[in-house]
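In the working numbering, the protein residues as written are -12 to 722.
We treat Cβ as the ideally placed atom computed from N, Cα and C, and that holds for glycine.
These numbers come from a predicted model, not from an experiment.
Scroll down for the structure; my scribbles are underneath it.
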């Protein structure tokens, strides 16, 4: 038998109670037996032997191998590592004693995990000691703090907030490194360092103060500013007070936008403004109505800076003259861009050129969330007539590349000419974009000269788009069209707009696919030709609660609502009025090729001198439509049609009609009143009244004699006849 144990070759036998013959002896590896023996003696009470690792605060006798391996958790390597001599015997150990109370010279600390001879401890007192010190260890006892030679410590050896290293030996805490002798020297050094730092900071502050403000950007470009100055404010662009006051910061690399200039000595000055204005790029804004500086380059640089820095551009006070169209291709990845003015005619872009305006093209991606482009509170002025002026705001969503860019906000802008002879050809033109909000804008058309009214306020174009546009509370005067929608688009909310003195208020055309969802609500339109016109189809068209008027001047035909080939429509609760006797035709509601609709609760009216010629036109092409509860006043032909077979229902359509009879004596007279309801009225609901138009007599309405699809006959009794004259009867019919 070998005299030296080999853990991988030998076993140790131990037995339980009783005689050996009972079979209670066990063979184990020597190392496992030794470790188990130490655990039984209380030395390795945190050891766990198993095939699965225990909690990381324990020792693990890993039995996944034979012989088993004793391991501990290594937090640095995040792994279980075998125990070695170095790990057991060569580690440094300092136990922190946590101060829980006491005084400066009698310190109380919590009980440490282990309190043994010749172990290192650390303590950070709450107060500076003023003499000899004792340390009371909770659950253990109170011990004197001394120097290594056993002498009591001097005043100041324990400093507030500073750790002190101790070794516990012979029942005392012995200070290894004291502060007492070093404290005065350390404090003196600290004071010297503090004084030096303060002097340095004062020098730097003085230098920065001398260079924190530079008169102009032009001066900054040629001035060697001290290296400690990292940011400056210039008082103007070309001259102090010219509106170009702005802040620049030093950067090492050249910025990618126009807001920059090289720094003398190296690096770059970068404009760091969150709300820059064109004047920070050299614009003058000095247009006086007939002349001014050319601010084109400055405005383009300003736009480029706003896009690339993703900041809000602000149009500060001034009228900025531009001598060409501003064209900008904006990657959607750099959005959003916001351009905001101070309000109508507070500041303005003045386009002193043919075909002017802002022209944005959005490209390179699909965007959602915040507005891609905002133009708000600006004034756009043209010095040209409408046939030459161009478009004030043009936006191309670039859907031809399969990209749409939702979130356009065009609000509170004024679009006008430089004088009454001038005006934009188009105010706002949006192509192939979605989710636009166009609200609170105002358009003043070219209303004098040979091109008056030759303009369109808002135009939206595109194909096969679920656009979801909101057109709300806009105002225009003197236009050819107030709102023009072309192409196969869907999802429009058009409300509270005022289109005054326009040839056509709202026109929809070019939709061969009958795209749905149009809500036209609470608009006020006064038109020379047509107030609302759907020319090429559409579906789910709601036209309700609008006030539609004929302009009192002009020639030709006029229509309040004209729908062609529209399916699923509601024309409801509108007031439609005509006034102009010189026109060939004046029609309230004209339907052609339409189906599945309602014409309900509308008021159609002319005047007693110039009645509306036709109230509701229902040709044979109209199918599956209900005409309900409409009222007519001073309308010559209330309804035309409907043709048989079209499944058109006319019900509860109201009208007031007049008839006149000649009276020569007392007696009963029948008066015939013609009407154009197109159906036989309900005789039980006929109401009528009479009055003497001329002559002197007393009149008593008697009864309704008869009704038909074209006329009604009422009986009137004449009493107290004095002189001959005419009697006028007014009848109220309900179909």
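Exercise. Which of helix, strand or coil does DSSP assign to residue 427?
Worked result: coil
Exercise. Quick one: is residue 270 buried, meaning 16 or more other Cβ sit within 10 Å of its Cβ, or exposed?
Worked result: buried
Exercise. So, are the CB atoms of residue 308 and residue 333 less than 8 Å apart?
Worked result: no
Exercise. With distances taken from CA atoms, which of 624, 592, 606 and 587 is nearest residue 616?
Worked result: 587
Exercise. Can we count residue 407 as close to the ligand NAP, meaning its CB is less than 7 Å from some heavy atom?
Worked result: Here there are no bound small molecules, and the ligand NAP is not part of this structure.
Problem set entry | Inside the segment 254 to 303 only - beta strand (DSSP E) runs reaching at least 3 residues | 255 to 258 and 299 to 302
For this session: With DSSP as the reference, label residue 374 as helix, strand or coil.
Result: helix
For this session: Report the rounded CA-to-CA distance for residue 633 versus residue 468, giving the unit in angstroms.
Result: Caution applies to residue 633, whose pLDDT of 45 falls short of 50 and renders its modelled position unreliable; the model cannot decide the point.
For this session: Please report the Cβ distance between residue 263 and residue 293, rounded to the nearest whole angstrom; I am assuming they are in contact, meaning their Cβ atoms lie under 8 Å.
Result: 7 Å
Problem set entry | Residues near residue 708 in its chain [Cβ-Cβ closer than 7 Å; skip 5 each side] | 652, 653 and 684
For this session: Reducing DSSP to helix, strand and coil, say where residue 651 ends up.
Result: coil
Exercise. Straight-line CA distance for residue 694 to residue 595?
Worked result: 24 Å
Problem set entry | Nearest neighbour of residue 679, chosen from 324, 648, 150 and 241 [CA to CA] | 648
For this session: With a 10 Å radius around its C-beta and 16 neighbouring C-beta atoms as the bar for buried, classify residue 184 as buried or exposed.
Result: exposed
For this session: Pick helix, strand or coil for residue 36, following the three-state DSSP scheme.
Result: strand
For this session: Give every residue of the same chain whose Cβ lies closer than 6 Å to the Cβ of residue 656, excluding the five residues on either side of it in the sequence, and list them in chain order.
Result: 648 and 703
For this session: Report back the beta-carbon spacing between residue 215 and residue 207 to the nearest angstrom; my notes put them in contact at under 8 Å.
Result: About 16 Å; that fails the 8 Å criterion.
Problem set entry | Neighbour-count burial assignment, residue 577, 16 or more Cβ in a 10 Å radius | buried
Exercise. Cβ atoms of residue 536 and residue 496: under 8 Å apart, would you say?
Worked result: no
For this session: Look at the Cβ atom of residue 69, then the Cβ atom of residue 56, and state whether they are nearer than 8 Å.
Result: yes
Problem set entry | Span of the alpha helix (DSSP H), counted from its first residue to its last, around residue 327 | First-last for residue 327: 324 to 328, but that is the beta strand (DSSP E), not the alpha helix (DSSP H).
For this session: Tell me whether the beta-carbon of residue 155 lies closer than 8 Å to the beta-carbon of residue 108.
Result: yes
Exercise. What are the residues that DSSP puts in a beta bridge with residue 481?
Worked result: 458 and 507
Exercise. Is residue 114 helix, strand or coil when you go by DSSP?
Worked result: coil
Exercise. Measuring CA to CA, which of 97, 92 and 608 is closest to residue 84?
Worked result: 97
For this session: Along the alpha helix (DSSP H) that carries residue 19, what are the first and last residues, could you check?
Result: 17 to 27
For this session: Determine the closest residue to residue 541 out of 380, 490 and 157, with distance taken between C-alpha atoms.
Result: 490
For this session: Within 10 angstroms of the Cβ of residue 181, are there 16 or more other Cβ atoms? Answer buried if so, exposed if not.
Result: exposed
Problem set entry | Closest Cα partner of residue 59 within the set 72, 52, 45 and 53 | 45
For this session: Put residue 442 into one of helix, strand or coil per three-state DSSP.
Result: coil
Exercise. Going by the beta-carbon positions, is the gap between residue 364 and residue 311 smaller than 8 Å?
Worked result: no
Problem set entry | Under the three-state DSSP convention, the category residue 163 falls into | coil
Exercise. Residue 555: which of 570, 602, 539 and 505 sits nearest, CA to CA?
Worked result: 505
For this session: Tell me whether residue 72 sits in a helix, a strand or coil according to DSSP, three-state version.
Result: helix
Exercise. Using the beta-carbon count (16 or more within 10 Å), is residue 668 buried or exposed?
Worked result: buried
Problem set entry | CA-to-CA distance, residue 620 to residue 327, given in whole angstroms | 48 Å
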